[in-house]
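> Mind looking over this structure? Questions follow.
Residue numbers (the numbering used here): 5 to 442.
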């Protein structure tokens with residue numbers, strides 16, 4: 005099987021993604037594109053636009069934004085009030101920070117003596133901004149991260165030189181499981197001071213929840229290992245045992261002392277409220293960590309949009325948020341079943357049915373030889389006007405320290421059921437034609 009070099013690893017003035025060659029500048033490096041940007045760029049060369057009715061974008065990390073049955077009405081207007089032309093505070097509007105703290109307290113921490121306050125919250129302009137602020141706040145430590153995981157972590161973990169990223173391989177044969185005992189072993193054996201993890205995990209859909217998540221938090225507390233949870237998909241939960249908690253799983257349930265437990269939570273309106281274009285996200289953590297995160301924001305991004313933050317307050321009302329969550333689970337649950345069963349019928353291998361997120365992580369191993377690796381399938385699917393993301397993008401390798409060897413996930417593909425049902429059905433039909441033509 006021919007091997008495909010990873011995008012961004014080419015030499016000279018050409019990159020594998022086809023970026024235009026031209027003059028080089030000694031002061032600047034070539035910055036690789038993340039997986040979603042790469043596949044969208046390749047599709048754009050073939051005529052794709054976001055409004056193209058003929059294209060099916062199963063590569064998107066964005067949920068459909070249309071009104072869902074039972075969900076609150078979608079926000080369609082945004083008044084600009086006096087003062088909105090001014091900068092918002094770097095840490096976010098105080099009223100929004102109070103609303104976010106209140107949402108966590110009322111929804112997840114009833115009856116617990118330790119409560120979040122506005123001082124435990126920092127607001128930022130997008131998920132990557134929140135992650136970058138946290139990364140810039142870390143010291144000279146070993147930071148554990150998982151393979152596979154979110155593609156943007158690769159560059160994020162490369163840019164900041166104070167900490168050392170340490171990869172932890174998750175095994176498909178174990179369903180990508182990682183217990184509290186596993187966590188303890190890695191923290192003590194590798195000298196980890198922090199762990200970064202998406203939960204539910206992008207791309208596998210693996211979800212650490214219930215007693216397992218409680219044990220993670222307990223290990224972090226005991227060993228003083230900061231747990232940085234990317235919880236942007238925490239309202240897309242499919243595990244039956246976790247649905248009894250209202251269908252949201254978060255480490256905030258298991259924190260004992262909000263100012264002492266080393267738990268950092270990243271979330272926002274992007275996925276769980278289906279407003280990605282607003283770029284309103286937040287970090288919830290002990291006050292001391294929030295002070296550092298806010299200071300980092302002062303030189304990294306300067307803060308988010310004042311009018312959007314103000315409007316976001318009404319979306320944080322627990323009753324509205326839970327109605328949105330119930331609607332998401334009803335509608336996206338149907339799409340999950342459709343895509344999961346459709347891919348299985350076509351011959352894809354599923355290591356783990358997604359327990360969370362709106363992605364299916366599938367292997368092409370048993371497809372016809374010409375399309376039996378992720379990059380080959382992706383390129384063939386583009387010719388059918390369908391976008392997906394090759395699995396090798398999720399083999400997070402900061403600084404390309406593993407020497408360019410073939411990715412362990414080169415046969416995998418991430419498919420999104422973020423788009424509308426009609427797009428998913430059309431994509432499956434095109435995949436059937438593609439496979440049959442081999």
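A virtual CB, placed ideally from N, CA and C, is assigned to each residue, including glycine.
For residue 304, which of 164, 178 and 198 has the nearest alpha-carbon?
That would be 164, whose Cα lies nearest to the Cα of residue 304.
> Starting from residue 364, follow its DSSP beta bridges and name the residues at the other end.
Its beta-bridge partners are 419.
> How big is the Cα-Cα spacing for residue 399 and residue 81?
One C-alpha to the other measures close to 40 Å.
> Would you mind reading off the limits of the beta strand (DSSP E) that contains residue 272?
Residue 272 -> beta strand (DSSP E) spans 267-272.
> Examine the Cβ distances between the stretch 338-352 and the stretch 423-440 and report whether three or more of them are shorter than 8 Å.
With the cut-off at 8 Å, the stretch 338-352 and the stretch 423-440 touch.
> Quick one, which of 380, 257, 296 and 236 has its alpha-carbon nearest residue 283's?
Comparing Cα positions, the closest option is 236.
> Could you say which of 69, 120, 427 and 417 lies nearest to residue 287 if we only look at CA atoms?
The shortest Cα separation from residue 287 among 69, 120, 427 and 417 belongs to 120.
> According to DSSP, simplified to helix, strand and coil, what is residue 249?
Coil, per DSSP.
> Write down the C-beta distance between residue 62 and residue 391 rounded to the nearest angstrom, noting that I regard them as a contact closer than 8 Å.
At roughly 6 Å, the Cβ-Cβ gap stays under 8 Å, so residue 62 and residue 391 are in contact.
> Hey, could you find the ends of the alpha helix (DSSP H) residue 299 is sitting in?
Counting along the chain, the alpha helix (DSSP H) containing residue 299 begins and ends at 291-304.
> Going by DSSP in three states, residue 309 sits in which element: helix, strand or coil?
The answer is coil: DSSP assigns residue 309 none of H, G, I, E or B.
> Considering residue 45, what are the terminal residues of the beta strand (DSSP E) in which it resides?
Unbroken run through residue 45 is the alpha helix (DSSP H), 39-48; no beta strand (DSSP E).
> Pick from 417, 343, 357 and 326: whose alpha carbon is nearest that of residue 370?
The residue with the shortest Cα to Cα distance from residue 370 is 417.
> Select from 238, 441, 245 and 273 the residue whose C-alpha is nearest the C-alpha of residue 256.
Checking every option, the nearest Cα to that of residue 256 belongs to 238.
> Cα separation between residue 377 and residue 96?
For residue 377 and residue 96, the distance between alpha carbons rounds to 44 Å.
> State the Cα-Cα distance for the pair residue 86 and residue 251, rounded to the nearest angstrom.
Looking at the two C-alpha atoms, the distance is approximately 38 Å.
> With a 10 Å radius around its C-beta and 16 neighbouring C-beta atoms as the bar for buried, classify residue 345 as buried or exposed.
Flag for residue 345 reads exposed.
> Tell me which residues share the same chain as residue 279 and place their Cβ nearer than 6 Å to its Cβ, disregarding the 5 neighbours each side in the sequence.
Excluding sequence neighbours, residue 279 sits near 273.
> From residue 411 to residue 396, what distance separates their C-alpha atoms?
Spanning the two alpha carbons is a distance of roughly 6 Å.
> State the CB to CB distance for the pair residue 199 and residue 145, rounded to an integer number of angstroms; the pair is presumed to be in contact (CB under 8 Å).
11 Å between Cβ atoms; not a contact.
> Note down the Cα distance separating residue 64 from residue 40, rounded to an integer number of angstroms.
So the alpha carbons of these two residues sit roughly 7 Å apart.
> Taking the beta strand (DSSP E) that residue 148 belongs to, which residues open and close that run?
Segment 146-151, the beta strand (DSSP E) holding residue 148.
> Taking only runs that begin and end inside the stretch 151-178, name each unbroken alpha helix (DSSP H) of 4 or more residues, in chain order.
The stretch 151-178 contains these whole alpha helix (DSSP H) runs: 157-163.
> Taking 8 Å as the cut-off, decide whether the C-beta atoms of residue 360 and residue 209 are in contact.
Yes, Cβ-Cβ distance for residue 360 and residue 209 is below 8 Å.
> Within 8 Å, do at least three Cβ pairs link the stretch 180-196 to the stretch 120-138?
Cβ pair count under 8 Å is below three, so no.
> Is the beta carbon of residue 134 sitting closer than 8 Å to the one on residue 270?
Closer than 8 Å, so yes.
> Taking the alpha-carbon positions, what's the residue 213 to residue 349 distance?
Their Cα atoms are separated by approximately 29 Å.
> Between residue 169 and residue 229, which are expected to be in contact by the criterion C-beta below 8 Å, what is the C-beta distance as a whole number of angstroms?
Actually they are not in contact, since the Cβ atoms of residue 169 and residue 229 sit about 15 Å apart, beyond 8 Å.
> Output yes or no for whether 8 Å exceeds the beta carbon distance between residue 253 and residue 211.
Against a cut-off of 8 Å, the Cβ pair of residue 211 and residue 253 comes out as a contact.
> Please state the DSSP three-state secondary structure of residue 61.
Strand, per DSSP.
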